[in-house]
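Order-wise, the sequence lines are chains A and B.
Anchor point for the first sequence: position 258 equals 383 in my numbering, and the numbering is continuous, going up by one each time.
Anchor point for the second sequence: position 57 equals 89 in my numbering, and the numbering is continuous, going up by one each time.
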Amino acid sequence: MTTEIMPAQNLPQIKGVKDVPYDELFVSGHRTCQGCESALVMRHMVKAAGPRTIVLGSTGCMYVANTTYYTTPWVVPWMHTQLGASGSAALGTAAGLKVLMRKGKLKNEKINVIAFCGDGGGADMGIGAISATLTHKDYNCLVLLYDNESYANTDIQLSSQTPYGAVTTFSPSGDTKRLMHTRWKKNVPGMLAAGHPESRYIAAGCAAYAVDLMNKIRKALELGGPTFVHTLDPCPKGWDYHPQYSQELGHLAVETGIWPLYEVMDGVCNLTGPTRQIAEGRKKRKPVYEYLKRQGRFAHFIDEDVEHFQAQVDKMWTDWLIPGVIPFTVPAKDVAILKIDKKPVHEQTKTA
Amino acid sequence: MAVEVKPKETSEIETEQLATGCEAIAEAIRLADVDVMAAYPIRPYDGVMQAAAKLIANGKMDVEYIVADGEHSQFEIVKHACAVGARVFVGSSGVGWFYAFEAIAVTAGLRLPVVAICGNRALDDPGAFGTEHNDSLAVRDLGWLLPWAETAQEALDLALMAWRVAEDKRVSLPVAIGLDGAFLTHSQHIVKIPTQAAVDKFLPKFDLGDRLLHPDNPITIAPQVDQDWLMEIRRQNDAAMRNALGVIREAHTDFKKIFGRGGDSPFLDEYMTDDAEVVVIGQGTLSLPMKVAIRRLRKERGLKIGLVRLKWFRPFPTEEVVKSLRRFKAVGVIDRDYSFGSPYYGGVLYNEIRSALYSQAKRPVIVAFIAGLGGREIEQPMATEIFEKTMAAAKGDLAGGDTCHWIGVRE
Numbered sequence: 126m127t128t129e130i131m132p133a134q135n136l137p138q139i140k141g142v143k144d145v146p147y148d149e150l151f152v153s154g155h156r157t158c159q160g161c162e163s164a165l166v167m168r169h170m171v172k173a174a175g176p177r178t179i180v181l182g183s184t185g186c187m188y189v190a191n192t193t194y195y196t197t198p199w200v201v202p203w204m205h206t207q208l209g210a211s212g213s214a215a216l217g218t219a220a221g222l223k224v225l226m227r228k229g230k231l232k233n234e235k236i237n238v239i240a241f242c243g244d245g246g247g248a249d250m251g252i253g254a255i256s257a258t259l260t261h262k263d264y265n266c267l268v269l270l271y272d273n274e275s276y277a278n279t280d281i282q283l284s285s286q287t288p289y290g291a292v293t294t295f296s297p298s299g300d301t302k303r304l305m306h307t308r309w310k311k312n313v314p315g316m317l318a319a320g321h322p323e324s325r326y327i328a329a330g331c332a333a334y335a336v337d338l339m340n341k342i343r344k345a346l347e348l349g350g351p352t353f354v355h356t357l358d359p360c361p362k363g364w365d366y367h368p369q370y371s372q373e374l375g376h377l378a379v380e381t382g383i384w385p386l387y388e389v390m391d392g393v394c395n396l397t398g399p400t401r402q403i404a405e406g407r408k409k410r411k412p413v414y415e416y417l418k419r420q421g422r423f424a425h426f427i428d429e430d431v432e433h434f435q436a437q438v439d440k441m442w443t444d445w446l447i448p449g450v451i452p453f454t455v456p457a458k459d460v461a462i463l464k465i466d467k468k469p470v471h472e473q474t475k476t477a
Numbered sequence: 033m034a035v036e037v038k039p040k041e042t043s044e045i046e047t048e049q050l051a052t053g054c055e056a057i058a059e060a061i062r063l064a065d066v067d068v069m070a071a072y073p074i075r076p077y078d079g080v081m082q083a084a085a086k087l088i089a090n091g092k093m094d095v096e097y098i099v100a101d102g103e104h105s106q107f108e109i110v111k112h113a114c115a116v117g118a119r120v121f122v123g124s125s126g127v128g129w130f131y132a133f134e135a136i137a138v139t140a141g142l143r144l145p146v147v148a149i150c151g152n153r154a155l156d157d158p159g160a161f162g163t164e165h166n167d168s169l170a171v172r173d174l175g176w177l178l179p180w181a182e183t184a185q186e187a188l189d190l191a192l193m194a195w196r197v198a199e200d201k202r203v204s205l206p207v208a209i210g211l212d213g214a215f216l217t218h219s220q221h222i223v224k225i226p227t228q229a230a231v232d233k234f235l236p237k238f239d240l241g242d243r244l245l246h247p248d249n250p251i252t253i254a255p256q257v258d259q260d261w262l263m264e265i266r267r268q269n270d271a272a273m274r275n276a277l278g279v280i281r282e283a284h285t286d287f288k289k290i291f292g293r294g295g296d297s298p299f300l301d302e303y304m305t306d307d308a309e310v311v312v313i314g315q316g317t318l319s320l321p322m323k324v325a326i327r328r329l330r331k332e333r334g335l336k337i338g339l340v341r342l343k344w345f346r347p348f349p350t351e352e353v354v355k356s357l358r359r360f361k362a363v364g365v366i367d368r369d370y371s372f373g374s375p376y377y378g379g380v381l382y383n384e385i386r387s388a389l390y391s392q393a394k395r396p397v398i399v400a401f402i403a404g405l406g407g408r409e410i411e412q413p414m415a416t417e418i419f420e421k422t423m424a425a426a427k428g429d430l431a432g433g434d435t436c437h438w439i440g441v442r443e
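What follows is the structure, encoded as C-alpha cells:
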C-alpha cells in the first residue's frame with residue numbers, strides 16, 4: 126500500500142472553465158480513437174470526482190480500449206466488471222466500503238464509487254441491475270452510462286440507444302431494405318427518473334458541455350445514495366464523421382432537441398444548458414437535418430426518413446409532459462389532473 | 033427453524049442445537065463475521081438466506097444483506113464487495129447457479145475468495161427440485177474449490193474451513209460448498225455450534241493485502257491482457273489450485289486440534305473399508321443409504337464391502353484417492369450427475385476417478401453407476417444392486433463390459 130494520504134474530499138459546483146480542477150486522473154496510456162467523446166467523459170468524470178474515487182468499468186470501449194495491461198490511464202483505483210454488471214458493481218463496492226467502515230475494518234471517510242457502462246451494457250443488458258441499484262438508497266454510488274449509440278467496441282452493432290434508421294453492422298442499408306433499424310431510442314434517464322423516486326439525482330449530459338457535465342457528476346456524488354448520469358457521446362467510428370467534429374455534433378444533438386440536457390434532483394426536473402433556453406423560447410431548435418447530414422450513418426436517408434425523424438423529435442417537444450423527459454401527457458379533457466390537490470392526505474378537503 | 037430446541041451447553045467451545053443444513057451454514061456466516069451477502073430466491077439453497085435474515089432481524093449478526101435482482105447481480109455484488117476487502121457469502125441452486133455463470137467464471141479469474149453454497153438441484157427443463165450435482169460440477173474447470181457436505185455439522189465445519197482456505201494468500205480462490213438439495217439443506221440434525229472465541233482461534237481476519245481496491249492503493253484490476261499475459265495468469269491460477277491441497281490439510285489439522293472433528297483425512301471419509309474387498313465412492317448425502325446397505329449386507333450376507341466418500345472434488349485429491357482405491361478389487365462410482373456423451377457414457381466423477389487411477393500398475397476394476405437423479409431416493413434395493421454389480425465386476429463379470437448402469441430407472 127502506498128503511504129501517501131490523498132486530501133479529503135470537497136466537491137463544490139464548478140463556476141466556469143477556469144474553476145475546473147487542474148489535476149488529471151485519467152491520463153495517457155489509453156488507445157481510444159481520435160475524437161472519442163467517451164474518453165473525454167471518462168476524463169471529465171474523474172476530474173470532477175477527485176482522487177478519493179473508486180471506478181468500476183464494465184466491458185465496452187472504455188474497458189477494452191482504455192485498460193491495456195501495463196499502460197492503464199487510470200490514476201484512481203479501477204476494476205473491470207462484466208457487461209451487464211455496472212449496477213451490481215457499484216452496489217457491491219459501496220456496500221463493502223460501508224460495512225467495513227461501520228465495523229472499523231477500514232478508515233471512515235467518504236470514498237466515491239462510480240461504475241460506468243456503455244449503452245449496450247447499461248441500456249440493454251444491465252438495465253435491470255442499474256434499476257435495482259437505484260432503489261438501494263443506503264449506498265452511495267453513481268452509475269454513469271456513456272452512450273455512443275452502438276456496441277462500438279465489438280464492431281458497431283445496434284443497441285437500444287442507436288437512433289432510428291442509423292446504419293450499423295447489424296442494420297446495414299440494402300437494395301431491398303433501406304432501413305433495417307426502425308425502433309426509436311429508449312428513453313433511459315427519463316425511465317430511470319420516473320421509476321426510482323428515491324434516487325436523489327438522475328441526469329442527462331454531454332461532454333460538449335463539459336462544465337455542465339462535471340457539475341452533474343459532482344451533484345450526483347455530493348447528494349449521495351444511488352445516482353445515475355447518462356451522457357451522449359459522438360463516436361467518429363460508429364457515426365462515421367471526421368474526428369474533428371465530435372464537439373460540434375455534441376452541440377448539434379442538444380441544439381436540435383434530440384438530446385435534451387436535464388437533471389432530476391430530489392424529485393424536481395431542471396432543464397439545463399441550451400435545452401433550457403429552447404424550452405423557454407430563448408433559443409430556436411435547429412432542424413434535425415443539420416445533425417443527421419453530418420454523419421455517414423444517416424447517408425442513406427431520403428426525405429421521408431428525415432421527415433419522420435423530425436416529426437418524432439417534434440413530438441418530444443410538443444406532446445411530452447416534459448420535453449425529452451416524460452414521454453406521455455394527459456388527454457386535453459383531463460388537463461385538470463395536472464392541478465391535483467397536492468396537500469398531504471390529512472389536509473385534503475373532503476369533497477366527495 | 034421448525035422446532036425450537038434450547039441450546040444446550042456442551043463444552044467451552046460449542047453448544048448443541050437442532051439445525052438444518054441451511055441453518056448450520058447461517059450460523060457459520062454469523063461466526064465468520066461476514067461483511068456482505070447477497071440473496072436471491074431459488075430452492076433449496078435459499079433456506080440459508082432465510083435463516084440468515086432471521087439472525088439479522090434478531091440482532092445476532094451485523095452484515096450488509098442485499099436482496100439482488102437476479103443471480104448474476106448476486107454474484108457480482110459480492111465479487112465487488114470482496115475486492116474492497118469485505119468477507120462475503122453468496123449462493124444459488126440449479127438454473128439459478130447457471131444464471132450467475134458469467135459472474136462465477138470471473139470471480140475465479142479475479143482470484144477473489146468468495147464463499148458460496150450450491151444447494152444442489154436438478155437443472156430445468158423439465159422442472160425438478162431435487163438433488164443433482166450438475167450445477168456445482170459445471171464450474172469444475174474454472175478455479176472454484178468444490179467440497180461436498182454429508183451432514184449439517186459438516187456443512188458448518190466446511191463453511192468455516194472455506195473462508196480460511198479461500199482467503200489464504202497461497203490460494204485466494206473462491207469456494208462453492210455442495211449441499212444436497214432437500215436431503216441436507218432442509219433436514220434437521222443435531223449440530224455443534226462453536227463459540228465465537230473458538231472460531232476466532234481458527235479463522236483469521238480477511239486481509240487482501242496489496243490487492244485491496246482502495247484510493248490509498250490505486251491499482252487497476254483485470255485490464256486487457258490478451259495473448260501477451262493470459263497464459264501466465266492461468267498458470268498462476270493453476271499453481272494456486274495446487275497449493276490449495278496443502279492449505280486444506282493445514283486447515284483440517286488445525287480444525288481437528290480446536291474442535292476435535294473432521295476425521296482422519298480432509299479429503300476422504302472411509303466407512304468399513306479396513307477389510308473391504310469392494311467399495312463404492314460418491315459425494316454428499318448418498319453415503320447415508322449406502323452406509324445402511326453396507327451394515328445390512330455385511331450382516332445378512334457377510335459381504336466385505338465399504339464406502340469411500342469424497343469430500344473435496346476440487347482440488348481433486350488424486351494422491352489420496354489413488355492410495356485409497358488401489359487397495360480394493362473393484363470400485364463402484366456412484367454419480368448423482370450425468371455427462372452425456374462422455375467416455376463410456378459415465379458420470380463426471382466416474383471419469384475423474386478412472387483418470388486418476390490410469391497410471392497405476394495395480395488398479396481396481398471400476399464400475400459406473402448413475403443414481404438418484406432429480407432427488408430420487410436411493411433405496412435399499414438400489415444400493416444392493418449397486419453392490420451386487422460391483423462384486424460381480426470384482427469377480428471378472430463386467431456385465432456387458434464398460435457399461436454405465438442407471439440404477440432404479442424405468443427403461
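Each residue gets a CB set at the ideal place from its N, CA and C atoms; glycine is no exception.
### Task
Return the CA-CA distance between glutamate 274 of chain A and valine 180 of chain A, expressed in angstroms with no decimal places.
22 Å
### DSSP state of glutamine 185 of chain B mapped onto helix, strand, coil
helix
### Query
From this set, B:Arg333, B:Arg119, B:Leu155 and B:Leu245, which residue's C-alpha is nearest threonine 178 of chain A's C-alpha?
B:Leu245
### Task
Closer than 8 Å, Cβ to Cβ, to anything on chain D: give me those residues from the stretch 219 to 238 of chain A, in chain order.
The structure shown contains no chain D; its protein chains are A and B.
### Message
So, at 7 Å on beta carbons, what are the nonlocal neighbours of alanine 415 of chain B in its own chain, with the 5 sequence-adjacent residues on each side left out?
### Response
Once the five neighbours on either side are set aside, the close Cβ partners of alanine 415 of chain B are Pro321, Met322 and Ala325.
### Message
Is there a C-beta anywhere in chain B that falls below 8 Å from the one on isoleucine 179 of chain A?
### Response
Yes - at least one Cβ of chain B is within 8 Å of the one on isoleucine 179 of chain A.
#### Entry: Partner residues on chain B for alanine 332 of chain A, Cβ-Cβ distance less than 7 Å
Neighbourhood of alanine 332 of chain A in chain B, by CB distance below 7 Å: empty, with the nearest CB roughly 23 Å away.
### Query
Run through DSSP, which three-state label would asparagine 237 of chain A get?
In the structure shown, asparagine 237 of chain A sits in a strand (DSSP, three-state: E or B).
### Message
Could you compute how far the alpha carbon of glutamate 182 of chain B sits from the alpha carbon of methionine 305 of chain A?
### Response
57 Å
### Query
Using a C-beta to C-beta distance shorter than 8 Å, which residues of chain A count as neighbours of glutamine 228 of chain B?
Simply none; closest approach about 15 Å.
### Task
Tell me whether glutamate 129 of chain A sits in a helix, a strand or coil according to DSSP, three-state version.
With a pLDDT of 43 at glutamate 129 of chain A, under the threshold of 50, the modelled position of this residue cannot be trusted, and the question is left open.
### Task
Take leucine 342 of chain B as the anchor and find which of B:Lys336, B:Thr317, B:Arg358 and B:Arg328 has the nearest alpha-carbon.
B:Thr317
### Message
Which same chain residues end up closer than 8 Å to phenylalanine 295 of chain A when comparing Cβ atoms and leaving out the 5 residues on each side of it in sequence?
### Response
Setting aside the 5 residues that flank it on each side, phenylalanine 295 of chain A is surrounded in the same chain by Gln282, Leu283, Met305 and His306, each with a C-beta closer than 8 Å to its C-beta; the list follows chain order.
### Task
Using a cut-off of 7 Å between C-beta atoms, extract the partners of valine 138 of chain B located in chain A.
Gln207
### Query
Mind checking phenylalanine 299 of chain B: buried by the 16 CB within 10 Å criterion, or exposed?
buried
### Query
Is the distance from the Cβ of serine 43 of chain B to the Cβ of arginine 75 of chain B below 8 Å?
no
### Message
Between proline 247 of chain B and chain A, is any beta-carbon pair separated by less than 8 Å?
### Response
yes
### Query
Taking C-beta to C-beta, are isoleucine 149 of chain B and alanine 208 of chain B nearer than 8 Å?
yes
### Query
By the criterion of Cβ-Cβ separation under 9 Å, what are the contact partners of glycine 117 of chain B in chain A?
Gly221, Leu222, Leu225, Lys230 and Leu231
### Task
Return the CA-CA distance between glutamine 207 of chain A and serine 183 of chain A, expressed in angstroms with no decimal places.
5 Å
### Query
Using a C-beta cutoff of 8 Å, does tryptophan 195 of chain B count as contacting chain A?
no
### Task
Kindly indicate which residue of A:Arg308, A:Val450, A:Trp203 and A:Tyr195 has the alpha-carbon position closest to the one of leucine 150 of chain A.
A:Trp203
### Query
Using 8 Å as the limit for Cβ to Cβ distance, is threonine 127 of chain A near chain B?
Per-residue confidence for threonine 127 of chain A stands at a pLDDT of 42, beneath the threshold of 50, marking its modelled position as unreliable; the derived number appears in the next sentence. Chain B, which has a Cβ nearer than 8 Å to the Cβ of threonine 127 of chain A, makes this yes.
### Query
Would you say phenylalanine 107 of chain B and valine 122 of chain B are within 8 Å of each other, going by their C-beta atoms?
yes
### Query
Just reading off the alpha helix (DSSP H) that glycine 253 of chain A is part of, what are its end residues?
252 to 258
### Message
Counting only Cβ-Cβ distances shorter than 8 Å, please list the residues of the stretch 251 to 266 of chain A near chain B, keeping chain order.
### Response
Gly253, Ala254, Ser256, Ala257 and His261
### Task
Could you give the DSSP three-state label for alanine 378 of chain B: helix, strand or coil?
Checking the sequence, you will find glycine at residue 378 of chain B rather than alanine. If DSSP states are grouped into helix, strand and coil, glycine 378 of chain B belongs with coil.
### Query
DSSP beta-bridge partners for leucine 245 of chain B?
Answer is none; leucine 245 of chain B lacks a bridge partner.
### Message
For glycine 315 of chain A, count the other beta carbons within 10 Å of its own beta carbon; 16 or more makes it buried, fewer makes it exposed. Which is it?
### Response
buried
### Query
Terminal residues of the continuous alpha helix (DSSP H) containing tyrosine 131 of chain B?
For tyrosine 131 of chain B, the enclosing alpha helix (DSSP H) begins and ends at 126 to 131.
### Query
Would you say the stretch 367 to 376 of chain A touches the stretch 141 to 160 of chain A, given that touching needs at least three Cβ pairs under 8 Å?
They touch, by the three-pair rule.
### Query
Is methionine 33 of chain B buried or exposed, if buried means 16 or more other CB atoms sit within 10 Å of its CB?
With a pLDDT of 45 at methionine 33 of chain B, under the threshold of 50, the modelled position of that residue is not reliable, and no figure is offered here.
### Task
Quick one: using the 10 Å Cβ neighbour count with 16 as the cut-off for buried, is arginine 196 of chain B buried or exposed?
buried
### Query
By a C-beta neighbour count over all protein chains shown, 10 Å radius and 16 as the cutoff for buried, is tyrosine 195 of chain A buried or exposed?
It counts as exposed.
### Task
Could you tell me whether the Cβ atoms of proline 351 of chain A and threonine 258 of chain A are closer together than 8 Å?
yes
### Query
Would you say aspartate 189 of chain B and glycine 294 of chain B are within 8 Å of each other, going by their C-beta atoms?
yes
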